[in-house]
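In UniProt numbering, the protein residues as written are 1 to 771.
We put the beta carbon where it would ideally sit given N, CA and C, even for glycine.
Everything numeric in this text was worked out from a predicted model, so none of it was measured.
One structure is given below, encoded as structure tokens.
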């Protein structure tokens with residue numbers, strides 16, 4: 001009897017120990033939630049079982065990845081990747097940016113998209129961060145596990161719940177079934193940061209609004225024996241901040257969206273873990289490794305208490321085998337068809353045409369290409385992707401939920417400079433979608449140095465090889481004399497005013513994800529008023545050379561540089577052939593009235609034709625973690641004949657523009673009809689968004705044009721001169737564009753040494769002869 005009694009006690013204890021169920025609760029807390037990865041990592045390494053998991057916001061994301069079969073090390077790998085930073089910041093890889101669909105670069109730094117309905121009511125974009133990369137990343141990471149579980153979160157690798165908030169009913173909703181992708185997207189939807197999504201017919205936001213530490217959900221849904229709670233959302237200041245500026249207040253506002261956490265909810269059998277994250281913010285996702293270590297260290301500090309309460313051990317090998325069995329059942333991501341909702345039949349045809357040229361059975365790469373290709377069109381910023389698993393056929397359906405497009409886009413930008421060459425920029429774009437996509441835009445530049453107005457109409461056709469047709473009208477004006485009144489330097493003045501107007505028809509063809517080919521034909525006219533000498537007095541009449549004619553050509557361009565100006569990654573390549581023909585008209589002024597040859601100067605009207613071939617390449621290589629090396633190569637060959645005089649020759653000669661302010665200075669020594677230029681760029685990343693750059697260039701003309709007498713020009717001997725340019729600058733990449741201080745050297749009499757400072761993007765329209 002004693003033996004039987006002892007066996008009964010042992011049996012009871014074994015059932016108590018091995019029947020122990022452990023639940024893990026992960027709080028919300030924005031970027032601080034990355035510390036949960038370290039918590040899970042420490043638990044697995046110490047053979048602590050995880051039988052259930054619940055989470056809110058970032059805790060819901062980390063918990064979902066674990067429940068989907070990712071190991072803590074795999075979750076850590078994802079979080080440390082550059083892709084993760086793109087997801088949380090709204091950026092996405094340039095391989096999916098579809099350069100073909102991008103409009104010409106402009107100096108805008110603020111874009112406002114709005115929709116005007118039939119009642120002329122304006123609707124602006126309500127979210128701060130573009131959720132395009134995040135939406136697709138969740139499909140890639142969680143789509144297969146969701147299909148494997150057949151819509152029941154109890155069937156995941158670990159039974160799982162996450163919390164979303166129904167703002168209209170002001171209720172917390174624990175997600176236990178349906179799409180794991182949508183559930184996680186909902187729990188991570190911070191109001192005003194990400195746009196809400198519909199789950200079961202309800203618009204939902206971040207679960208932290210009503211339940212930021214879902215211990216109650218763990219108890220009601222799973223009722224485990226032991227609960228381990230990891231809380232990263234402590235939001236009380238030990239000392240009240242002395243100086244609360246607007247920037248700090250904006251960061252603190254996010255705390256309004258997180259309900260309070262209460263560690264006592266865990267109960268007597270609860271284990272509370274709170275990593276020391278006092279020096280971290282909810283909005284800074286950069287210190288991933290540090291945050292994970294904080295979570296790991298906090299868990300290791302409690303591991304003795306955890307092992308006292310949890311007698312059950314699960315070896316890593318057992319967990320790995322269980323994980324492999326679950327993952328092996330994940331249905332392969334093959335897609336049968338595209339389902340489109342939210343738009344009328346004509347718009348649906350356009351979207352279908354984007355995908356119809358892909359394979360009949362699409363893989364994830366095909367779907368991703370088509371999705372980002374669609375979003376490259378301004379009509380389709382508001383598109384939510386879904387995947388629906390069809391178990392009877394063991395295949396997926398890709399669904400696009402398209403909301404009404406914001407058909408107007410306003411761009412604002414410009415630059416402030418140490419010389420009067422800055423400008424203001426305004427752009428207006430209207431989008432209209434039917435079977436094809438139509439875009440009407442207008443933009444304006446205004447400043448002392450450069451003024452411009454352009455209107456354009458573009459039609460995009462989603463063919464097997466996508467193409468567009470565009471008609472544009474452009475007017476430009478430049479005043480070099482006004483730009484010569486310097487704040488920090490004294491240069492030789494340039495008495496030159498230029499204007500041009502043109503109407504151009506383009507045919508654009510997609511030549512790859514980051515490439516396009518453009519064929520164009522147009523009519524243009526240029527007016528150039530200038531002093532043939534370095535002097536100008538009141539009452540003087542400037543010489544004038546006009547050129548009117550036709551331009552045609554073909555350009556191939558490939559570009560995936562990471563920035564519009566001062567790039568440090570990627571590459572760009574351009575090659576083009578342009579043909580000009582028309583009439584040069586020369587009218588002499590009176591500035592040379594005292595010149596002995598003045599009487600011989602007469603009006604000229606001469607027919608001219610020439611072609612220009614240009615090729616350029618810019619590329620950057622990562623050498624060390626904080627150092628990138630880049631190069632620039634540019635070559636031009638033109639058979640243009642000499643114009644009426646030396647100054648007119650220079651004006652129509654191709655120019656090399658190596659530095660940011662090069663286009664604002666008339667540099668005689670950096671112009672030639674045939675030249676080769678080479679530059680080297682050293683980019684040192686001192687800290688986030690702050691670069692130091694050292695650049696050097698050599699300009700080698702084949703035959704440099706030089707002045708003879710007052711008006712004539714001849715060519716030097718072949719390769720007789722080389723010109724050098726050097727630049728050192730510090731640039732901070734701010735939300736309104738680069739803030740840069742440049743120290744420049746030009747091998748040109750117009751400007752030798754100079755200091756140039758600018759805030760914002762320093763960009764101008766192309767001249768007609770630069771096409």
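6 Å CB neighbourhood of residue i in its chain, flanking five on each side removed
i           : result
residue 772 : Beyond the ends of the chain as shown, which are 1 and 771, falls residue 772; an answer cannot be given.
residue 489 : In this predicted model, residue 489 has a pLDDT of only 49, less than 50, meaning its place in the structure is not dependable; the value taken from the coordinates is given anyway. Excluding positions up to five away in sequence, the list reads 754.
residue 640 : 610, 673
residue 777 : No statement about residue 777 is possible, as the shown extent of the chain runs from 1 to 771 and does not include it.
residue 401 : 341, 342, 384
residue 361 : 334
Short Cβ contact (8 Å threshold) for residue i with residue j
i           : j           : result
residue 658 : residue 671 : no
residue 724 : residue 698 : yes
residue 166 : residue 188 : no
residue 138 : residue 181 : yes
residue 818 : residue 159 : The requested residue 818 does not occur in the structure, where the chain is confined to residues 1 to 771.
residue 279 : residue 227 : no
residue 628 : residue 559 : no
residue 143 : residue 387 : yes
residue 566 : residue 738 : yes
residue 695 : residue 727 : yes
Residue range of the unbroken alpha helix (DSSP H) whose run includes residue i
i           : result
residue 80  : 72-80
residue 185 : 180-187
residue 144 : 132-148
residue 51  : Taken as a continuous stretch (DSSP letters only), residue 51 belongs to no alpha helix (DSSP H), as it is neither H nor E.
residue 713 : No alpha helix (DSSP H) contains residue 713, which is instead part of the beta strand (DSSP E) from 712-715.
residue 309 : 303-309
residue 806 : Residue 806 lies beyond the residue range present for the chain, which begins at 1 and ends at 771; the question has no answer from this structure.
residue 424 : Where residue 424 is concerned, there is no enclosing alpha helix (DSSP H), although the beta strand (DSSP E) it sits in stretches over 424-433.
residue 42  : 35-45
residue 215 : 215-221
residue 280 : Element bounds for residue 280: n/a, residue is neither H nor E.
residue 202 : Residue 202 -> not in any alpha helix (DSSP H); beta strand (DSSP E) instead, spanning 202-206.
Residue range of the unbroken beta strand (DSSP E) whose run includes residue i
i           : result
residue 780 : The chain is shown only over 1 to 771; residue 780 falls outside these bounds and no answer can be derived.
residue 198 : 197-199
residue 337 : 334-341
residue 273 : 270-273
Helix, strand or coil at residue i [DSSP, three-state]
i           : result
residue 543 : strand
residue 328 : helix
residue 127 : Confidence in residue 127 is poor, its pLDDT being 48 and thus under 50, which makes the residue's placement too unreliable to answer from.
residue 352 : helix
residue 733 : strand
residue 68  : coil
residue 233 : coil
residue 118 : Caution applies to residue 118, whose pLDDT of 47 falls short of 50 and renders its modelled position unreliable; the value that the coordinates give is listed next. Residue 118: coil per DSSP, three-state reduction.
residue 321 : helix
residue 513 : coil
residue 460 : strand
residue 154 : helix
residue 553 : strand
residue 439 : strand
residue 469 : strand
residue 84  : helix
For residue i: DSSP bridge partner residues
i           : result
residue 453 : 444, 475
residue 416 : 759
residue 772 : Outside the shown range of the chain, which is 1 to 771, sits residue 772, and nothing can be said about it.
residue 753 : 745
residue 383 : 402
residue 172 : 165
residue 22  : 226
residue 498 : 478, 528
residue 708 : 712
residue 674 : 637
residue 701 : 675
residue 585 : 546, 605
residue 112 : 410
residue 723 : 699
Cutoff 7 Å; reference residue i; Cβ partners in own chain excluding five residues on either side
i           : result
residue 487 : Because residue 487 sits at a pLDDT of 43, beneath the cut-off of 50, its placement in the model cannot be relied upon, and the point is left open.
residue 766 : none
residue 665 : 750, 751
Same chain, Cβ closer than 8 Å to residue i, five either side skipped, listed in chain order
i           : result
residue 520 : 504, 505, 506, 507, 551, 552, 553, 554, 555, 771
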